[in-house]
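Numbering (our numbering), first residue to last: 21 to 557.
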Amino acid sequence: MMQGTPILVLREGTEREKGKGAVGNNIAAAKAISEAVRTTLGPRGMDKMLVDGMGDITITNDGVTILKEIDVDHPAGKMLVEVAKTQDQQCGDGTTTAVVLAGEILKKSEELLEQNVHPTVLSKGFSLAMQEAERLLKDEIGVAVKPEDTETLLTVARTAMNSKGVDGKDELARVVVNAVKNIAEKRDNRVVADVSLIQVEKKAGGSITDTELIDGLVLDKERGHSRMPREIKNSKIALLNSALEIKKTEFESKINIKSPSQIQGFLDEEEKTLRDMANKIKEVGANVVICQKGIDDVVLHYLAKAGIFAVKQVKESDMSKLSRATGGRIVTGIKELTTKDLGSAAKVEEHKIGDSNMTFVTGCNNPRSVSILIRGGTEHVVQEIERSLHDSLKVVSATVEDGLVCPGGGATEMALAVRLRKFAPTVGGREQLAVEAFAQALEIIPWSLAENAGYDAINTIIELRQQHEGQHKNAGVNIENGKAADMVERKIIEPLRVKQQAISSATEVANMVLRIDDVIASRKSAGGGPMPGGHDH
21 MMQGTPILVL
31 REGTEREKGK
41 GAVGNNIAAA
51 KAISEAVRTT
61 LGPRGMDKML
71 VDGMGDITIT
81 NDGVTILKEI
91 DVDHPAGKML
101 VEVAKTQDQQ
111 CGDGTTTAVV
121 LAGEILKKSE
131 ELLEQNVHPT
141 VLSKGFSLAM
151 QEAERLLKDE
161 IGVAVKPEDT
171 ETLLTVARTA
181 MNSKGVDGKD
191 ELARVVVNAV
201 KNIAEKRDNR
211 VVADVSLIQV
221 EKKAGGSITD
231 TELIDGLVLD
241 KERGHSRMPR
251 EIKNSKIALL
261 NSALEIKKTE
271 FESKINIKSP
281 SQIQGFLDEE
291 EKTLRDMANK
301 IKEVGANVVI
311 CQKGIDDVVL
321 HYLAKAGIFA
331 VKQVKESDMS
341 KLSRATGGRI
351 VTGIKELTTK
361 DLGSAAKVEE
371 HKIGDSNMTF
381 VTGCNNPRSV
391 SILIRGGTEH
401 VVQEIERSLH
411 DSLKVVSATV
421 EDGLVCPGGG
431 ATEMALAVRL
441 RKFAPTVGGR
451 EQLAVEAFAQ
461 ALEIIPWSLA
471 ENAGYDAINT
481 IIELRQQHEG
491 QHKNAGVNIE
501 NGKAADMVER
511 KIIEPLRVKQ
521 QAISSATEVA
531 NMVLRIDDVI
541 ASRKSAGGGP
551 MPGGHDH
């Protein structure tokens with residue numbers, strides 16, 4: 021050691037990057053991810069065609085779908101993918117905005133790092149800017165909206181769909197708003213709209229306008245026996261989560277039969293047990309049986325004979341939705357089934373949709389769980405409509421729950437940028453530079469909207485700044501002409517939650533990336549994956 025012999029602390033083959041090199045590398049990766057999705061932002065954003073290892077094709081401009089499909093290997097890049105996933109879970113929309121914003125904040129940080137501003141100072145400044153932005157959103161920019169204001173909810177749904185190249189937005193928006201209103205309920209003086217209670221089934225074929233809301237459930241299952249009726253009116257529905265079969269014993273068992281008559285007796289007893297199951301259902305007055313597990317062929321035969329409609333192997337999630345929609349209770353054992361447990365619906369019928377049969381449970385009284393059946397020309401169209409509806413359902417439910425909206429089209433980001441510039445001098449010190457950089461980063465949203473629409477982004481930003489300095493807080497990018505316009509008048513409105521989540525996620529991930537000054541990556545094992553310990557930042 022005295023002669024300068026190096027001491028190996030890390031395992032051989034470990035890569036290590038320190039100081040400015042590590043920060044620069046991470047920022048470059050984040051910027052690359054951000055640029056990849058920036059061209060998809062807004063109504064005039066372009067689509068990406070993603071081809072996976074199996075050759076399956078996805079065509080979309082949904083930020084989170086793109087980032088999930090592309091196999092990001094860089095650790096900092098993975099952090100941005102997580103931002104998109106979080107945004108999608110919380111709000112459904114604004115995934116591209118969150119990623120683009122995080123990339124732009126890091127891009128502005130790079131310039132300040134070169135001027136020897138310490139990363140911790142930047143991190144503190146960004147956090148102050150984020151807190152002020154959240155206050156401004158609630159106190160000055162957000163507008164209250166009531167859950168029964170259907171027109172505003174329709175506008176919010178249409179705005180979420182604008183960025184997707186989907187036709188028939190008006191019909192789809194109506195479907196979305198009616199679905200959310202059906203499942204919204206009051207709990208402890210607040211409205212809760214859980215979109216997981218909305219069943220979404222998709223079938224290629226027909227046109228987008230054939231997409232419909234069903235006041236009940238659609239099951240991607242057919243009746244269990246061909247002799248069962250195709251349609252049951254005034255349905256009394258038994259919901260079972262145990263199999264209508266003879267149970268096998270849990271331990272190994274043998275039956276010793278000594279004469280042929282005993283064999284017949286054994287078979288008769290087995291059939292009697294199965295017939296009793298069918299009779300029990302008939303006795304309680306059920307004319308429809310929906311079972312989570314299997315139903316024996318013999319039971320199906322007797323049910324068909326009694327004119328009872330039966331569906332087997334239904335998913336657990338669908339069972340709980342059926343319970344909410346029909347008012348029935350899910351029963352564990354057939355012996356416990358009573359008339360009180362039955363759910364009701366005006367009609368249960370089997371329809372042929374596309375090339376498969378589906379069961380429709382419709383006409384439920386006050387259904388607290390509903391279905392949307394998506395139709396479209398091809399599989400790719402149907403998938404994109406599903407992504408579009410997912411975003412719309414989430415934003416409408418967020419609006420109903422929070423009761424707050426804000427103007428879209430880059431107006432909210434521009435309003436925040438102008439106000440944060442005025443706030444920066446009150447911070448003082450070097451943090452002021454970070455707040456100003458944050459304000460400038462927010463302008464990437466209107467900039468990208470104008471640029472993607474084919475206009476000169478600089479002229480658009482200058483005009484927007486003038487409008488906002490003149491207290492026109494709703495001024496955003498009019499993609500028809502690239503000029504400033506009132507977004508509320510043009511009916512481009514978003515839930516406040518989308519903006520709050522995008523800004524906080526982007527800031528937090530930017531702060532995390534800035535504070536990393538050492539990247540220690542273990543060498544890959546022979547299998548190709550990282551060795552235990554993986555990337556250690």
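Glycine included, every Cβ here is placed at the ideal spot set by N, Cα and C.
Cβ-Cβ distance between residue i and residue j below 8 angstroms
{"i": "L217", "j": "V197", "result": "no"}
{"i": "A457", "j": "K144", "result": "no"}
{"i": "A96", "j": "V119", "result": "no"}
{"i": "M69", "j": "S408", "result": "no"}
{"i": "I499", "j": "L469", "result": "yes"}
{"i": "G490", "j": "I512", "result": "no"}
{"i": "G123", "j": "A50", "result": "yes"}
{"i": "P466", "j": "L484", "result": "yes"}
{"i": "K341", "j": "Q219", "result": "yes"}
{"i": "Y322", "j": "A298", "result": "yes"}
{"i": "N386", "j": "S364", "result": "no"}
{"i": "S389", "j": "R349", "result": "no"}
{"i": "S412", "j": "A204", "result": "no"}
{"i": "I266", "j": "L294", "result": "yes"}
{"i": "V559", "j": "E221", "result": "The chain is shown from 21 up to 557; residue 559 falls before or after that span and cannot be answered."}
{"i": "V425", "j": "V163", "result": "yes"}
Whole-angstrom distance between residue j and residue i, CA atom to CA atom
{"i": "I20", "j": "T419", "result": "The requested residue 20 does not occur in the structure, where the chain is confined to residues 21 to 557."}
{"i": "E471", "j": "N254", "result": "57 angstroms"}
{"i": "D208", "j": "V200", "result": "19 angstroms"}
{"i": "M66", "j": "V84", "result": "15 angstroms"}
{"i": "I392", "j": "G327", "result": "29 angstroms"}
{"i": "G396", "j": "E232", "result": "12 angstroms"}
{"i": "E290", "j": "D240", "result": "31 angstroms"}
{"i": "G374", "j": "F380", "result": "14 angstroms"}
{"i": "Q135", "j": "A193", "result": "49 angstroms"}
{"i": "M74", "j": "E399", "result": "17 angstroms"}
{"i": "K355", "j": "G285", "result": "24 angstroms"}
{"i": "D76", "j": "P515", "result": "34 angstroms"}
{"i": "G225", "j": "S376", "result": "11 angstroms"}
{"i": "V416", "j": "V368", "result": "29 angstroms"}
{"i": "I464", "j": "E152", "result": "19 angstroms"}
{"i": "I79", "j": "K88", "result": "13 angstroms"}
Opening and closing residue of the alpha helix (DSSP H) in which residue i lies
{"i": "E130", "result": "115-134"}
{"i": "L319", "result": "The sequence given here places Val at residue 319; Leu does not occur at that position. Where V319 is concerned, the enclosing alpha helix (DSSP H) stretches over 317-325."}
{"i": "M339", "result": "336-346"}
{"i": "T78", "result": "Per DSSP, T78 belongs to no alpha helix (DSSP H); it is in the beta strand (DSSP E), 77-80."}
{"i": "E483", "result": "477-489"}
{"i": "E154", "result": "139-156"}
{"i": "V101", "result": "95-110"}
Host beta strand (DSSP E) of residue i (start-end)
{"i": "L217", "result": "Element bounds for L217: n/a, residue is neither H nor E."}
{"i": "T379", "result": "376-382"}
{"i": "A459", "result": "Per DSSP, A459 belongs to no beta strand (DSSP E); it is in the alpha helix (DSSP H), 451-462."}
{"i": "E205", "result": "205-207"}
{"i": "E369", "result": "363-373"}
{"i": "V238", "result": "237-239"}
{"i": "K253", "result": "251-260"}
{"i": "M69", "result": "68-71"}
Short CB-CB distance (under 8 angstroms) between residue i and chain B
{"i": "F329", "result": "Among the protein chains of the structure shown there is no chain B, as only one such chain exists."}
Nearest-angstrom Cβ-Cβ length linking residue i and residue j, presumed shorter than 8 angstroms
{"i": "V308", "j": "I252", "result": "6 angstroms"}
{"i": "L154", "j": "Q520", "result": "One detail in the question is off: residue 154 reads as Glu in this sequence, not Leu. That belief holds up - the Cβ atoms of E154 and Q520 are roughly 6 angstroms apart, short of 8 angstroms."}
{"i": "E370", "j": "R243", "result": "5 angstroms"}
{"i": "A530", "j": "L148", "result": "Between L148 and A530 the Cβ distance is about 13 angstroms, and since that is not below 8 angstroms, they are no contact."}
Original post:
How about the region 485-505 and the region 529-537: do they share at least three Cβ pairs that are nearer than 8 angstroms?
Top reply: Per the Cβ contact rule, the region 485-505 is not in contact with the region 529-537 (fewer than 3 Cβ pairs under 8 angstroms).
Original post:
How about the region 257-268 and the region 305-312: do they share at least three Cβ pairs that are nearer than 8 angstroms?
Top reply: These segments touch.
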